[in-house]
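Here's the structure we're looking at; comments come further down.
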Amino acid sequence: MPQKKTPPQKAAPAPAKRQKSSTERIFGPAVMSHGFTGVPNILVRGQKRLGLNTAQFNILVQLLSYWMDPAKPPFPSKRKLLERLDMSETTLQKHIRDLEAQGFLRREQQTTAAGDFGSNIYHLDGLVRKLKKLAPDFDDERAEREAARQKTERPNARANARSAAARPRPTATMTEG
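In my numbering, each residue carries its 1-based index in the sequence shown increased by 589.
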């Protein structure tokens, strides 16, 4: 029985090289190899509107750095938070109580297998709700900035500038007089 010839196999295309994120390009791989924390710009830009002082903002960012899975709220120990923040335990506890009273977080006390108190679980649903509530304001601001930008930019201004730069410029000639 004659053997069928199979067409030569094409080599699989090489996977596209991953583009570095802007954060990676800014900080470099050595810094980024230690991870990063997702902090929404609405939280950063809306700190005053949200009524957060600097310490409260920093506490929330520290908690966000422990939140890797939406289904698993962060639960750092106070000791770990205090290692990262420049404040006393009393000050940390006061700010966490204030954040809870303002609805940014909810604490849940964990207990160990022996029945001792463990670290708190910090539910940040309140923070998420507050940021989602602010999003339309930031959408409106973005639309206003875009409208203002379009008013000041002539149609095709960028394309015209590029083509003008590409055209050779006439040289001035001197005449004798």
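Think of the CB as a built atom: it goes at the ideal place given N, C-alpha and C, for glycine as much as any other residue.
All figures in this text were calculated on a predicted structure; none of them were measured in a lab.
Fill in: Residue of S677, P659, D658, K661 minimising C-alpha distance to K667
For the purposes of this step, residue 667 is identified with residue 78 of the sequence shown, where counting begins at 1. The candidate whose alpha carbon is nearest that of K667 is S677.
Discussion item. Suppose you measure from the CA of P618 to the CA of Q608; what does that come to, to the nearest Å?
Written reply: The residue given as residue 618 occupies position 29 in the sequence shown. The residue given as residue 608 occupies position 19 in the sequence shown. In this model, P618 and Q608 are separated by some 13 angstroms (Cα to Cα).
Item to complete: Would you please state the rounded distance, in angstroms, between the beta carbons of L652 and V628? I believe it to be under 8 angstroms.
Response: Locating residue 652 in the sequence shown gives position 63, where the first residue counts as 1. Locating residue 628 in the sequence shown gives position 39, where the first residue counts as 1. No, L652 and V628 are not in contact; Cβ-Cβ is about 11 angstroms, not under 8 angstroms.
Worksheet item: Considering H712, what are the terminal residues of the beta strand (DSSP E) in which it resides?
Response: Taking the sequence shown and counting its residues from 1, one reaches residue 712 at position 123. Boundaries of the beta strand (DSSP E) around H712: 706-712.
Fill in: Span separating the alpha-carbon of D705 from that of Q682
Along the sequence shown, read from residue 1 onward, the residue named residue 705 stands at position 116. Along the sequence shown, read from residue 1 onward, the residue named residue 682 stands at position 93. Using only the alpha carbons, I get a separation of about 19 angstroms.
Discussion item. As an exercise, report each continuous alpha helix (DSSP H) stretch of at least 4 residues that is fully enclosed by the stretch 628-712, in chain order.
Written reply: You should have 630-634, 636-639, 643-654, 667-673, 678-690.
Worksheet item: Would DSSP call S611 helix, strand or coil?
Response: As a first step, residue 611 is located in the sequence shown; it is residue number 22 there, counting from the start. Of the three classes helix, strand and coil, the one that applies to S611 here is helix, per DSSP.
Fill in: Helix, strand or coil at T741 [DSSP, three-state]
Sequence index remark: in the sequence shown, residue 741 carries index 152 (1-based). Helix, per DSSP.
Item to complete: Check each candidate in N647, K669, R734 and name the one with the smallest Cα separation from V633.
Response: As a working note, residue 633 is residue 44 in the sequence shown. Checking every option, the nearest Cα to that of V633 belongs to N647.
Discussion item. Let me make sure I understand the geometry here. Which of Y655, G692, A702, T741 has the alpha-carbon closest to that of R673?
Written reply: Locating residue 673 in the sequence shown gives position 84, counting from the first residue. Comparing Cα-Cα distances from R673 to each of Y655, G692, A702, T741, the minimum goes to Y655.
Discussion item. Just to check my reading of the structure: L723 and H712 have Cβ atoms closer than 8 angstroms, yes? What is that Cβ distance to the nearest angstrom?
Written reply: On the sequence shown, position 134 is the one that residue 723 refers to. On the sequence shown, position 123 is the one that residue 712 refers to. Actually they are not in contact, since the Cβ atoms of L723 and H712 sit about 19 angstroms apart, beyond 8 angstroms.
Worksheet item: Can you give the Cα-Cα distance for A736 and D729, rounded to whole angstroms?
Response: Numbered from its first residue, the sequence shown carries residue 736 at position 147. Numbered from its first residue, the sequence shown carries residue 729 at position 140. Their Cα atoms are separated by approximately 11 angstroms.
Fill in: Cβ-based neighbour list, P665, same chain, cut-off 6 angstroms, excluding 5 preceding and 5 following
Position 76 of the sequence shown, counted from the first residue, corresponds to residue 665. Counting only Cβ-Cβ distances below 6 angstroms, and skipping sequence neighbours, we find Y655.
Fill in: Boundaries of the alpha helix (DSSP H) in which F619 is found, first to last residue
Position 30 of the sequence shown holds residue 619. For the sequence presented, residue 619 should be read as Ala rather than Phe. A619 -> alpha helix (DSSP H) spans 618-621.
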